[in-house]
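**Student:** In the order they appear, the protein sequences are chains S and G.
My numbering puts the first residue of the first sequence at 1, with every later residue one more than the last.
My numbering puts the first residue of the second sequence at 1, with every later residue one more than the last.
From the three backbone atoms N, C-alpha and C, an ideal C-beta is built for every residue, glycine too.
All figures in this text were calculated on a predicted structure; none of them were measured in a lab.
Protein chains: 2
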Amino acid sequence: MDTDLAVTIRQLAEAARAASLRLAVASTQAKNRALLALAETIEASIPALIAANAKDLDAGRSAGLSAALLDRLTLNDSRIRQMAQGVREIVALPDPVGTELERTLRPNGLVIRKLRVPIGVIAIIYESRPNVTIDCAALCLKSGNATILRGGKEAFHSNTALAALIATALASADLPATAVQLVPTTDRAALNTLLKLNELIHCVIPRGGEALIRFVTENSSIPVIKHYKGVCFVYVDRAADLAMAEPLLVNAKVQRPSACNAAEQLLVHRAVAAVALPRLARALQSSRTGGVELRCDSASAAILSAAGLPHTAATAEDYRTEFLDYILAVRVVDSLDEAIATVNRDSSSHSDTIVTADEAAARRFQAEVDSATVYWNASTRFTDGFEFGLGAEIGISTDRLHARGPMGLAELCSYKFVIDGTGQVRG
Amino acid sequence: MDTDLAVTIRQLAEAARAASLRLAVASTQAKNRALLALAETIEASIPALIAANAKDLDAGRSAGLSAALLDRLTLNDSRIRQMAQGVREIVALPDPVGTELERTLRPNGLVIRKLRVPIGVIAIIYESRPNVTIDCAALCLKSGNATILRGGKEAFHSNTALAALIATALASADLPATAVQLVPTTDRAALNTLLKLNELIHCVIPRGGEALIRFVTENSSIPVIKHYKGVCFVYVDRAADLAMAEPLLVNAKVQRPSACNAAEQLLVHRAVAAVALPRLARALQSSRTGGVELRCDSASAAILSAAGLPHTAATAEDYRTEFLDYILAVRVVDSLDEAIATVNRDSSSHSDTIVTADEAAARRFQAEVDSATVYWNASTRFTDGFEFGLGAEIGISTDRLHARGPMGLAELCSYKFVIDGTGQVRG
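So this is what it looks like as structure tokens:
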């Protein structure tokens, strides 16, 4: 470990901690002024941002990045304007800080108020998309948190250019420029140092693939809020309305298969499988050119074979896989109990749905399925901060502590107890 | 690492996970039946519990445990009855599970309810006091969580006897006996295995000294809720009513110095220091035989010397120390700003208080001091679940994520989103 680097990272975190104390009591007006200045300076800097991004793209091409990764890395006029627009949308959201969550008057006269306050210093560890730099900085700033950004090395020039704009915008609103800082090196040792600074950093949010998230979780002694993956289930109950199930399943699987809230797993009750499965399979096949690959257990395979519909055999691994592709694992279950047990064993506890006209079955499924979001007669694709009405989201938590499911500005906050007395002492 | 032991610990955690799914939907009645049965069986087992405890005490004496540790370890008739009474008090508390925290009707007709649910499986890692076994098991059971208990090796026989009573009580209420399990070995390797089972265990709560808590934090990839220490400040402002400050400071420092919410640090505004410090020092000296050792900065030392009052010189270390003793570090500050900056630099962010008649100063202190509980004109000793009206507490969190400050039954819960639709798909 390079000692100079460790010192640099610690100083950066100390500056973030100091800035967080000022940001915690910054007015909504000051935070919004900084955000509006940021949106304006982003739009005024499009050529410079595209030039910085070109360096990253050149390096990425030399390093042999895939076309998909290069696309994620690319900033163009429209994407840059979208970033600025995203910042303006955060300006329009209510400030979560200071909300009184509870108030208690104790028999001894103490007034205890539980007030929402920023978490403090948040480190965001992310991969190649440079827009995460702006999204996260803006959400953390609005919620009064200081932010340490550690982006992927592929986007280093883009992120550096964006971070400079953020610092300028903060200063223009008389907020500390160190309230948002980019780690100024792509050295992996910097990340390792950062993840141990639990006196200075209060929360780490990794955003990226599962390998990144596991690395952060295993190497951090700071609390982590994370999203592992979405292995989401659609369960078609014996009492399902198949006319509802068809478009719902198609939406959950096909509309955006790369999303974490897309369905990966289908369970069908045995009592209706012979009728339901061929209808559902035909709906999926006709939903797009190329259809959807159905990886089936023996019961569902037999039904689809009898109906002359294409399918393949599932492996045990398929039943717990996040395909992020036009692939669906399919099983037949004997009962609601088996459906619930299967979901609780194999899902990632992200988003699962039951399709049924039987309210009692739905209520049992919703109560007993141990997932962040449990739907009755709706697509799993709704698990999203915007769809939930949060206005924006920093991510979707598959954790149970602090925040679970979509996380908006309120979930970037903690609370404190503010207590007024008249000289009370404890008896 | 002993493979058999690792298998045993994993099986125990798997059983806890399975039990947690049943407990999450257990009725309040069933949970209360188990708790009442537990209180009764504890009272019916006093001789057996004292006999088991005697084995621990014998081993402790042989191992040379201090008198204080042996006292913490001791179970007697009155302490055992107190344990049972504590369980009955938890029966009387409202069940936190199922509370609707928020409800949103979306424009597309989706009804999104945010419901309080148990966290899942909680591991409690604790040291020698056997009553923690019953307190934690009862709180976790009432809040619907399965519990894995890992007590200190000094209390192993006592804890084993108590855990057997809990299993019997659970079974008598038709709840899974594996809902509360004690790790059946004192081997340190078992703890290391446990702390890595993040697929099965959702939360770790270490209760004990700072070394234990640091070990757990550094070795766990499971989210930890913890309480490090309480370095609590009393700030006597220039506008303080000294007749209020005297008993308040005495209470905060002297009433129970071993408590985490006892004051360790005194700051006095320079404008009133020459008058206030001698009065406060005399009040502390006369509060008990032996008085309170005042470890002073040069300004406060000069004032006390002039008044002929005893004191010693503080070291830099004293200003951040949790003495847990009749010792108080004392400093003079030039301003409210300096008081706030000093607290934010040196306190443990647990509980700090300002004594002042100036409401504007109080509000600034409460807003800017970054601690879990910030008092105006009240003793820091009130930071406690019972004093806050929570009815019971599992501990006091010095973390910012999930729970901060005193934690009761609600803080042992997470939430889930339960969403009702009529076939909605995402556009």
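Could you pull the start and end residues of the beta strand (DSSP E) that S/Gly421 belongs to?
**Tutor:** Your numbering for residue 421 of chain S matches position 421 in the first sequence. Residues Cys413 to Gln424.
**Student:** When you compare only the Cα positions, how much space is there between S/Gln285 and S/Val292?
**Tutor:** Walking along the first sequence from the start, residue 285 of chain S turns up at place 285. Walking along the first sequence from the start, residue 292 of chain S turns up at place 292. Using only the alpha carbons, I get a separation of about 6 Å.
**Student:** Less than 7 Å between the C-beta atoms of G/Ser428 and G/Ser371, yes or no?
**Tutor:** Shown here, chain G extends from 1 to 427; a query on residue 428 of chain G therefore has no answer.
**Student:** Chain S partners of G/His485, CB-CB under 7 Å?
**Tutor:** An answer regarding residue 485 of chain G cannot be provided, because it is not within the stretch 1 to 427 covered by chain G.
**Student:** Would you report the Cα separation of S/Thr315 and G/Thr104, rounded to the nearest angstrom?
**Tutor:** Here residue 315 of chain S corresponds to residue number 315 of the first sequence, with the count starting at 1. Here residue 104 of chain G corresponds to residue number 104 of the second sequence, with the count starting at 1. Approximately 40 Å, taken between the alpha carbons.
**Student:** Could you check the C-alpha separation between S/Tyr375 and S/Gln366 for me, to the nearest Å?
**Tutor:** Taking the first sequence and counting its residues from 1, the one referred to as residue 375 of chain S is at position 375. Taking the first sequence and counting its residues from 1, the one referred to as residue 366 of chain S is at position 366. Between S/Tyr375 and S/Gln366, the alpha-carbon positions lie close to 7 Å from each other.
**Student:** Short check: CB of S/Ser158 to CB of S/Asn251, under 7 Å?
**Tutor:** Residue 158 of chain S sits at position 158 when you count from the first residue of the first sequence. Residue 251 of chain S sits at position 251 when you count from the first residue of the first sequence. Cβ atoms of S/Ser158 and S/Asn251: not closer than 7 Å.
**Student:** Is there at least one Cβ from chain G nearer than 7 Å to S/His202's Cβ?
**Tutor:** As a first step, residue 202 of chain S is located in the first sequence; it is residue number 202 there, counting from the start. Output row for S/His202: interface = yes.
**Student:** Hey, quick one: how far does the beta strand (DSSP E) through S/Arg295 stretch, first residue to last?
**Tutor:** The sequence position of residue 295 of chain S within the first sequence is 295, counting from 1. Residues Glu293 to Cys296.
**Student:** Sorted by chain position, which residues of the same chain lie with C-beta nearer than 7 Å to S/Leu277's C-beta, five sequence neighbours on each side aside?
**Tutor:** As a working note, residue 277 of chain S is residue 277 in the first sequence. So the qualifying residues of the chain are Val268, Ser300, Ile303 and Leu304.
**Student:** Could you name the residues that DSSP lists as bridge partners for S/Gln265?
**Tutor:** The residue labelled residue 265 of chain S in the question sits at position 265 within the first sequence. Answer is S/Phe233 and S/Ala329.
**Student:** Just the Cα atoms here: how many angstroms apart are S/Leu36 and S/Cys140?
**Tutor:** For the purposes of this step, residue 36 of chain S is identified with residue 36 of the first sequence, where counting begins at 1. For the purposes of this step, residue 140 of chain S is identified with residue 140 of the first sequence, where counting begins at 1. So the alpha carbons of these two residues sit roughly 15 Å apart.
**Student:** Thinking C-alpha only, which one of S/Val132, S/Pro118, S/Glu100 and S/Ile80 is nearest S/Leu21?
**Tutor:** Reading the first sequence from its first residue, position 21 is the one you call residue 21 of chain S. Out of S/Val132, S/Pro118, S/Glu100 and S/Ile80, S/Pro118 has the C-alpha closest to the C-alpha of S/Leu21.
**Student:** Which residues bound the alpha helix (DSSP H) around G/Glu102?
**Tutor:** If you number the second sequence from 1, residue 102 of chain G lands on position 102. Where G/Glu102 is concerned, there is no enclosing alpha helix (DSSP H), although the beta strand (DSSP E) it sits in stretches over Glu100 to Leu105.
**Student:** I'd like to know if the stretch 353-360 of chain G and the stretch 230-243 of chain G are in contact, where contact means that at least 3 CB-CB pairs between them fall below 8 Å.
**Tutor:** The stretch 353-360 of chain G vs the stretch 230-243 of chain G: in contact.
**Student:** Excluding the 5 residues flanking S/Ala283 on each side, which residues of the same chain have their C-beta closer than 6 Å to its C-beta?
**Tutor:** The residue given as residue 283 of chain S occupies position 283 in the first sequence. If we look at S/Ala283 and ignore the five residues flanking it on each side, its Cβ neighbours are Glu246 and Val250.
**Student:** Along the chain, where does the alpha helix (DSSP H) containing G/Thr28 start, and where does it finish?
**Tutor:** Mapped onto the second sequence, residue 28 of chain G falls at position 28. Run containing G/Thr28: Thr28 to Ala44, per the alpha helix (DSSP H) assignment.
**Student:** Out of G/Gly60, G/Glu154, G/Val132 and G/Ala163, state which residue places its alpha-carbon closest to the alpha-carbon of G/Ala48.
**Tutor:** Your numbering for residue 48 of chain G matches position 48 in the second sequence. Ranking the options by Cα distance to G/Ala48, first place goes to G/Ala163.
**Student:** Under 8 Å between beta-carbons, which chain S residues line up against G/Glu368? List them in chain order, please.
**Tutor:** In the second sequence, counting from the first residue as 1, residue 368 of chain G sits at position 368. At a C-beta separation below 8 Å, G/Glu368 has these neighbours in chain S: Leu21, Ala24 and Val25.
**Student:** Whole angstroms is fine: what's the gap from S/Tyr126's alpha carbon to S/Leu212's?
**Tutor:** Locating residue 126 of chain S in the first sequence gives position 126, where the first residue counts as 1. Locating residue 212 of chain S in the first sequence gives position 212, where the first residue counts as 1. Each residue's alpha carbon lies about 8 Å from the other.
**Student:** In the DSSP assignment, find the unbroken alpha helix (DSSP H) run with S/Pro184 in it and report its ends.
**Tutor:** Within the first sequence, the letter at position 184 stands for residue 184 of chain S. Run containing S/Pro184: none; DSSP gives neither H nor E here.
**Student:** Expressed to the nearest angstrom, what Euclidean distance is found between the alpha-carbon atoms of S/Gly230 and S/Ala259?
**Tutor:** Taking the first sequence and counting its residues from 1, one reaches residue 230 of chain S at position 230. Taking the first sequence and counting its residues from 1, one reaches residue 259 of chain S at position 259. One C-alpha to the other measures close to 8 Å.
**Student:** Could you give the residue range of the alpha helix (DSSP H) that holds S/Asp337?
**Tutor:** Residue 337 of chain S sits at position 337 when you count from the first residue of the first sequence. Taken as a continuous stretch (DSSP letters only), the alpha helix (DSSP H) holding S/Asp337 covers Leu336 to Asp346.
**Student:** Determine, using beta carbons only, whether S/Leu249 comes closer than 7 Å to chain G.
**Tutor:** One-based indexing of the first sequence puts residue 249 of chain S at position 249. S/Leu249 has a beta carbon lying at 7 Å or more from every beta carbon in chain G.
**Student:** In whole angstroms, give me the CA-to-CA distance for S/Gly98 and S/Asn261.
**Tutor:** Along the first sequence, one-based indexing puts residue 98 of chain S at 98. Along the first sequence, one-based indexing puts residue 261 of chain S at 261. Rounded to the nearest angstrom, the two C-alpha atoms are 32 Å apart.
**Student:** Should G/Arg33 go down as buried or exposed, given a rule of 16 or more other Cβ atoms within 10 Å for buried?
**Tutor:** For the purposes of this step, residue 33 of chain G is taken as residue 33 along the second sequence, with counting starting at 1. Buried.
**Student:** Taking S/Ala26 as the reference, which of S/Gln85, S/Leu69, S/Glu43 and S/Ser143 has the closest Cα?
**Tutor:** Start at 1 with the first residue of the first sequence, and residue 26 of chain S comes out as number 26. Cα-wise, what sits closest to S/Ala26 is S/Ser143.
**Student:** If we define contact as Cβ-Cβ less than 7 Å, is S/Pro223 a contact residue for chain G?
**Tutor:** Numbered from its first residue, the first sequence carries residue 223 of chain S at position 223. Chain G, which has a Cβ nearer than 7 Å to the Cβ of S/Pro223, makes this yes.
**Student:** Spatial neighbours of G/Val111 within its chain, please: CB distance less than 6 Å, with the 5 preceding and 5 following residues excluded, ordered by chain position.
**Tutor:** Position 111 of the second sequence, counting from 1, holds the residue named residue 111 of chain G. Excluding sequence neighbours, G/Val111 sits near Leu105 and Asp420.
**Student:** Pick out whichever of G/Phe386, G/Ile327, G/Ala410 and G/Ala173 has its Cα sitting closest to the Cα of G/Gly290.
**Tutor:** Counted from its first residue, the second sequence places residue 290 of chain G at position 290. Proximity to G/Gly290 across G/Phe386, G/Ile327, G/Ala410 and G/Ala173 peaks at G/Ile327, based on C-alpha coordinates.
**Student:** Hey, is S/Leu105's beta-carbon within less than 7 Å of any beta-carbon in chain G?
**Tutor:** Within the first sequence, the letter at position 105 stands for residue 105 of chain S. Not a single CB atom of chain G sits nearer than 7 Å to the CB of S/Leu105.
**Student:** Within 8 Å, do at least three Cβ pairs link the stretch 405-422 of chain S to the stretch 58-67 of chain G?
**Tutor:** No: the two stretches stay apart, fewer than three of their Cβ pairs being nearer than 8 Å.
**Student:** Whose C-beta lies closer than 8 Å to the C-beta of G/Ala307 among residues of the same chain, with five residues either side of it excluded?
**Tutor:** Position 307 of the second sequence, counted from the start, is the residue given in the question as residue 307 of chain G. Leu277, Pro278 and Ala281, listed in sequence order.
**Student:** Please confirm whether S/Phe382 and S/Pro406 have their CB atoms less than 7 Å apart.
**Tutor:** Taking the first sequence and counting its residues from 1, the one referred to as residue 382 of chain S is at position 382. Taking the first sequence and counting its residues from 1, the one referred to as residue 406 of chain S is at position 406. Not in contact: S/Phe382 and S/Pro406 (Cβ atoms no closer than 7 Å).
**Student:** Spell out whether any CB of chain S is found under 7 Å from the CB atom of G/Phe382.
**Tutor:** Locating residue 382 of chain G in the second sequence gives position 382, counting from the first residue. Taking Cβ atoms only, chain S reaches closer than 7 Å to G/Phe382, which makes this a yes.
**Student:** Taking Cβ-Cβ distances below 7 Å as the criterion, which residues of the stretch 93-120 of chain G are in contact with chain S?
**Tutor:** Thr104, Arg106, Leu110, Ile112, Ile119 and Gly120
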